[in-house]
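*Asks:* Have a look at this one before I ask anything.
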Amino acid sequence: HLCLPLLALFLALPFSSSISCQGTIGSNSGLYMLHRSRGAASLAARSRPRWIKTMMKKQLAGGRLLQGVVRDAGGMGDTKQGLASLKSARSQSTKVQATALRPLVEFTEKADNSFISKLKEEEIPEKLDPRRPREVKGAHFTRVDPEPVPNPYLVGASPSCAQMLGLDPKELDSDEFLQVFSGNELPKGFAGWASVYGCHCGGQWFGQLGDGRAMSIGEVMNPTSSHRYELQLKGCGRTPYSRQFDGRAVLRSSIREFLASESMAALGVPTTRSLCIIGHKEQIMRAWYPDSKGRGGVGQPVRGFPPNQLVEEPGAVLCRVSESFIRFGQLELFWKRGESALLCE
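Sequential numbering of the sequence shown, starting at 1, is according to the working numbering.
So this is what it looks like as structure tokens:
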């Protein structure tokens with residue numbers, strides 16, 4: 001996940017002798033600001049591939065690169081004039097976006113869940129536990145609600161992602177936000193579902209998988225851009241596709257995904273976004289590497305292998321965002337099963 005943004009930076013700034021990156025992930029801009037020296041600027045600009053220049057132009061047009069040599073992006077004009085026009089455009093854009101930001105109640109009530117309204121839901125017998133592991137045929141998804149977690153607390157959030165969705169970033173600090181995005185309470189407009197799909201593993205067809213520890217909770221429309229986004233909670237409990245696992249996520253891996261996705265978005269690399277990480281007091285058992293300190297000499301511990309020790313780790317729920325979470329594996333599963341009607345839908 002980190003190779004592409006690092007490669008982009010390397011190709012974009014190959015000859016610069018003075019580069020300082022100030023990460024602003026989690027700020028209102030949620031973006032990286034790059035400051036470059038003028039020396040070797042023209043040489044670096046000539047050496048960039050066209051896709052890098054295009055990416056930088058888009059960043060500049062959106063006010064993402066607030067400092068730097070505007071001329072380097074490919075004929076954008078004088079630095080001071082360019083920055084002035086960018087700041088002016090960004091100010092006007094911010095005013096327009098601010099009027100379209102909605103409070104949490106309105107945000108959830110206006111959810112438009114096209115996935116569950118247009119595709120086929122699994123018909124579950126009345127006495128069957130909807131979380132029981134099973135093979136699901138003749139359906140695109142299963143209705144299932146998140147399992148509550150004790151004492152949720154906010155670990156981190158992305159105001160820029162909230163703005164992209166049309167949600168007022170002020171809501172990120174509210175208790176209602178904690179309850180909704182920890183999965184403890186699904187408000188009016190939201191609904192939980194897990195989709196079924198298949199995959200290949202090691203070159204062999206693995207059969208049915210599915211959302212084993214992730215549930216979608218709603219689709220929202222940005223009132224300004226009219227873009228549709230699907231919200232999904234990762235680590236919010238068991239589904240029929242959990243295959244005897246607990247359906248939870250640990251804080252360690254949730255932080256890693258949050259930082260990677262928001263960093264790539266800040267660099268202009270298309271990817272899923274992360275709205276927030278909600279921690280909680282449930283301890284999650286996970287396999288970890290055996291303690292092997294000292295095997296590598298003083299100051300050089302060697303990690304044992306394989307990870308065969310069970311350790312307790314703090315749990316977390318990550319909210320990730322995409323225009324859609326439909327996978328190629330969903331289409332492949334229906335094709336393998338001969339469920340052509342589901343495939344065509």
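Even for Gly, the Cβ is constructed at its ideal location relative to N, Cα and C.
If you reduce the DSSP assignment to three classes, tell me which class Ala111 lands in.
*Replies:* Residue 111 sits at position 111 when you count from the first residue of the sequence shown. Three-state result, Ala111: coil.
*Asks:* Which residue from Tyr241, Ala266, Val269 puts its Cα closest to that of Glu135?
*Replies:* Along the sequence shown, one-based indexing puts residue 135 at 135. Ranking Tyr241, Ala266, Val269 by Cα distance to Glu135 puts Tyr241 first.
*Asks:* Taking DSSP's pairing of strands, which residues face Trp288 in a bridge?
*Replies:* Locating residue 288 in the sequence shown gives position 288, where the first residue counts as 1. Gln309.
*Asks:* What is the DSSP secondary structure of Gln163, reduced to helix, strand or coil?
*Replies:* Against the sequence shown, residue 163 aligns to sequence position 163. Reduced to three states, the DSSP call for Gln163 is helix.
*Asks:* In chain order, what residues of the same chain have a beta carbon less than 7 Å from the beta carbon of Arg243, not counting five sequence neighbours either side?
*Replies:* Counting from one through the sequence shown, the residue named residue 243 turns up at place 243. So the qualifying residues of the chain are Pro133, Gly212.
*Asks:* Please state whether the Cβ-Cβ distance between Pro192 and Asp145 is less than 9 Å.
*Replies:* Residue 192 sits at position 192 when you count from the first residue of the sequence shown. Residue 145 sits at position 145 when you count from the first residue of the sequence shown. Reading the sequence as shown, one finds Gly at residue 192 and not Pro. For Gly192 and Asp145, yes; Cβs fall inside 9 Å.
*Asks:* Does the Cβ-Cβ distance between Gln208 and Leu310 come in under 9 Å?
*Replies:* Stepping through the sequence shown from its first residue, residue 208 is reached at position 208. Stepping through the sequence shown from its first residue, residue 310 is reached at position 310. No, these two residues do not count as a Cβ contact at 9 Å.
*Asks:* Which residue wins for smallest C-alpha separation from Val317, given the options Arg252, Asp168, Ser261?
*Replies:* Along the sequence shown, one-based indexing puts residue 317 at 317. Minimum Cα distance to Val317 is reached at Arg252.
*Asks:* Using a 10 Å radius around the Cβ and a threshold of 16 neighbouring Cβ atoms, would you call Arg248 buried or exposed?
*Replies:* The residue labelled residue 248 in the question sits at position 248 within the sequence shown. So Arg248 counts as buried.
*Asks:* Please look up how many angstroms separate the CB atoms of Glu121 and Gly189, rounded, as I've assumed it's under 8 Å.
*Replies:* Within the sequence shown, numbered from 1, the residue matching residue 121 stands at position 121. Within the sequence shown, numbered from 1, the residue matching residue 189 stands at position 189. At roughly 18 Å, the Cβ-Cβ gap does not stay under 8 Å, so Glu121 and Gly189 are not in contact.
*Asks:* Below 9 Å between beta carbons: does that hold for Val357 and Ile326?
*Replies:* No answer is possible for residue 357: the residues shown for the chain start at 1 and end at 345.
*Asks:* To the nearest angstrom, report how far apart Arg273 and Tyr229 are at their CA atoms.
*Replies:* On the sequence shown, position 273 is the one that residue 273 refers to. On the sequence shown, position 229 is the one that residue 229 refers to. C-alpha separation (whole angstroms): 10 Å.
*Asks:* Let me make sure I understand the geometry here. Which of Lys234, Ala111, Cys236 has the alpha-carbon closest to that of Ser226?
*Replies:* Residue numbering aside, residue 226 sits at position 226 when the sequence shown is read from its first letter. Ranking the options by Cα distance to Ser226, first place goes to Ala111.
*Asks:* Please go through the same chain and pick out, in chain order, the residues whose beta-carbon is closer than 6 Å to the beta-carbon of Glu147, but skip the five residues on each side of it.
*Replies:* Here residue 147 is taken as the residue at index 147 of the sequence shown, counted from 1. Only Gly237 meet the Cβ criterion.
*Asks:* Just verifying my parser: in three-state terms, what is the DSSP assignment at Gly210?
*Replies:* Here residue 210 refers to the residue found at position 210 when the sequence shown is read from its first residue. Residue state, collapsed to three classes: coil.
*Asks:* Please name the residue or residues paired with Lys234 in a DSSP beta bridge.
*Replies:* As a position in the sequence shown, residue 234 is number 234, starting the count at 1. Paired residue(s): Ala214, Leu318.
*Asks:* Note down the Cα distance separating Gln330 from Ser195, rounded to an integer number of angstroms.
*Replies:* On the sequence shown, residue 330 is found 330 positions in, with the first residue counted as 1. On the sequence shown, residue 195 is found 195 positions in, with the first residue counted as 1. For Gln330 and Ser195, the distance between alpha carbons rounds to 8 Å.
*Asks:* Taking the beta carbon of Ala265 as the centre, do at least 16 other beta carbons fall within 10 Å, making it buried, or is it exposed?
*Replies:* Indexing the sequence shown from 1 puts residue 265 at position 265. That one is buried.
*Asks:* Mapping DSSP to helix, strand and coil, what is Ala266?
*Replies:* The sequence position of residue 266 within the sequence shown is 266, counting from 1. Residue state, collapsed to three classes: helix.
*Asks:* Within the same chain, show all residues whose beta-carbon is closer than 7 Å to that of Ile285, passing over the 5 residues directly before and after it, in chain order.
*Replies:* Indexing the sequence shown from 1 puts residue 285 at position 285. According to the sequence as given, residue 285 is Met; it is not Ile. Excluding positions up to five away in sequence, the list reads Leu310, Glu312.
*Asks:* Count the other CB atoms within 10 Å of the CB of Arg36; is the residue buried (16 or more) or exposed (fewer)?
*Replies:* The residue labelled residue 36 in the question sits at position 36 within the sequence shown. At Arg36, the pLDDT of 32 sits below 50, so the modelled position is not reliable and the matter cannot be decided from this model.
*Asks:* Report the rounded CA-to-CA distance for Glu323 versus Pro152, giving the unit in angstroms.
*Replies:* Mapped onto the sequence shown, residue 323 falls at position 323. Mapped onto the sequence shown, residue 152 falls at position 152. One C-alpha to the other measures close to 27 Å.
*Asks:* What separation, rounded to the nearest whole angstrom, lies between the Cα atoms of Leu231 and Ile217?
*Replies:* Position 231 of the sequence shown, counted from the first residue, corresponds to residue 231. Position 217 of the sequence shown, counted from the first residue, corresponds to residue 217. Taking the straight line joining both Cα atoms gives about 6 Å.
*Asks:* Taking only three categories from DSSP, how would you classify Leu331?
*Replies:* Locating residue 331 in the sequence shown gives position 331, where the first residue counts as 1. It is helical.
*Asks:* Name the two residues that bound the continuous beta strand (DSSP E) containing Ala194.
*Replies:* The residue labelled residue 194 in the question sits at position 194 within the sequence shown. Its beta strand (DSSP E) spans residues 193–195.
*Asks:* Is Phe141 helix, strand or coil when you go by DSSP?
*Replies:* Against the sequence shown, residue 141 aligns to sequence position 141. In this structure, Phe141 counts as strand in the three-state DSSP scheme.
*Asks:* Determine which residues share a DSSP beta bridge with Ile277 and list them.
*Replies:* Counting from one through the sequence shown, the residue named residue 277 turns up at place 277. Answer is Gly156, Leu318, bridged to Ile277.
*Asks:* Please classify Ala40: does DSSP put it in a helix, a strand, or coil?
*Replies:* If you number the sequence shown from 1, residue 40 lands on position 40. Note on Ala40: pLDDT 38, under 50, position unreliable in the model; no value is reported.
*Asks:* Cα separation between Lys171 and Phe177?
*Replies:* As a position in the sequence shown, residue 171 is number 171, starting the count at 1. As a position in the sequence shown, residue 177 is number 177, starting the count at 1. In the sequence on display, residue 171 carries Glu and not Lys. Each residue's alpha carbon lies about 6 Å from the other.
*Asks:* In this structure, does DSSP put Val105 in helix, strand or coil?
*Replies:* For the purposes of this step, residue 105 is taken as residue 105 along the sequence shown, with counting starting at 1. Helix, per DSSP.
*Asks:* Whole angstroms are fine: how far does the CA of His280 sit from the CA of Phe258?
*Replies:* Residue 258 sits at position 258 when you count from the first residue of the sequence shown. Residue 280 sits at position 280 when you count from the first residue of the sequence shown. Each residue's Cα considered, the two are about 16 Å apart.
*Asks:* Using only the alpha-carbon positions, how far apart do Leu86 and Lys336 sit?
*Replies:* As a first step, residue 86 is located in the sequence shown; it is residue number 86 there, counting from the start. As a first step, residue 336 is located in the sequence shown; it is residue number 336 there, counting from the start. No answer about Leu86 holds up, because its pLDDT of 48 lies below 50 and its placement is not dependable.
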